[in-house]
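Under this note's numbering, the final residue of the sequence shown carries the number 358; numbering is consecutive throughout. Glycine residues also receive a C-beta, built at the ideal position from the N, C-alpha and C atoms. Written below as structure tokens is the structure these notes are about.
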Amino acid sequence: MKTNSELKNRAIDALTGNWGLGAVITLVYGLVMNTPTLPYRIMESVASSSFSLIALLLLPLGFGYTVLFLDVIRGIKLDFARLFDGFKDYGRILGTMLLTTVYTFLWTLLLVIPGIMKSYSYAMTLFILKDYPELQYNAAIEKSMAMMSGHKMKMFLLDLSFIGWAILCCFTLGIGFLFLAPYVEASHAAFYEDLKKELGESVEAISE
Numbered sequence: 151m152k153t154n155s156e157l158k159n160r161a162i163d164a165l166t167g168n169w170g171l172g173a174v175i176t177l178v179y180g181l182v183m184n185t186p187t188l189p190y191r192i193m194e195s196v197a198s199s200s201f202s203l204i205a206l207l208l209l210p211l212g213f214g215y216t217v218l219f220l221d222v223i224r225g226i227k228l229d230f231a232r233l234f235d236g237f238k239d240y241g242r243i244l245g246t247m248l249l250t251t252v253y254t255f256l257w258t259l260l261l262v263i264p265g266i267m268k269s270y271s272y273a274m275t276l277f278i279l280k281d282y283p284e285l286q287y288n289a290a291i292e293k294s295m296a297m298m299s300g301h302k303m304k305m306f307l308l309d310l311s312f313i314g315w316a317i318l319c320c321f322t323l324g325i326g327f328l329f330l331a332p333y334v335e336a337s338h339a340a341f342y343e344d345l346k347k348e349l350g351e352s353v354e355a356i357s358e
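This is the structure we're talking about:
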């Protein structure tokens, strides 16, 4: 596979000319996903909840936000409307995302480290949902696990490399995160593309 530096450079190249729109999409995504919980924060009993039903139903926005940066990596111009692609196949997307959330939560109940490891095992699931419309639920998750076998540490180190930027963003009143998030997402998409290319036919065989 390419080095993490090469993957990040590919993300930067793909985002050239798309940084502004990427920041706007990130802002809208963040506002939509957080706004439903605002009324509940007024009430102490509900403020302690980790998520609301509305936020849960909006999970497919996360799919749209992730895969639109995959399009960018593939040379497709960033399109705001793609943020809502998850609602075009709502049941499949929501059901699979709920499963990954539940599985990660259950593993985290055991210990934090196993939970983190499993989250990396499931990291390719949304990309797989986009590229393989015939896969859903456990089939998509299992394909992600197969792809990430032996590659979780590499992706962890990729994420770790953004810590410096994240610290700097804290000094921008959060504005910097509007640009950092697209950078991270595009890097993840580049990781997926490179991993998929490396595994090739072997991944197809595992998923069948």
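- Residue 153 sits in coil when the DSSP states are folded into three classes, being neither helix nor strand.
- Between residue 272 and residue 254, the beta carbon gap of about 7 Å places them in contact (Cβ cut-off 8 Å).
- Going by beta carbons, residue 270 and residue 327 fall outside the 8 Å limit.
- Only residues of its own chain outside the window of five on either side were considered, and among them 222, 223, 336 have a CB closer than 7 Å to the CB of residue 164, listed in chain order.
- With three or more CB-CB distances shorter than 8 Å, the region 169-181 counts as touching the region 225-236.
- When DSSP states are grouped into helix, strand and coil, residue 278 belongs to the helix group.
- Selection 330, 177, 275, 324 evaluated against residue 343 yields 275 as nearest (Cα-Cα).
- About 19 Å separates the beta carbons of residue 312 and residue 323, which is beyond the 8 Å limit, so they are not a contact pair.
- The beta-carbon distance between residue 345 and residue 151, rounded to whole angstroms, is 6 Å. This is short enough to meet the 8 Å contact definition.
- In the three-state reduction of the DSSP assignment, residue 166 falls in the coil class, being assigned neither a helical nor a strand state.
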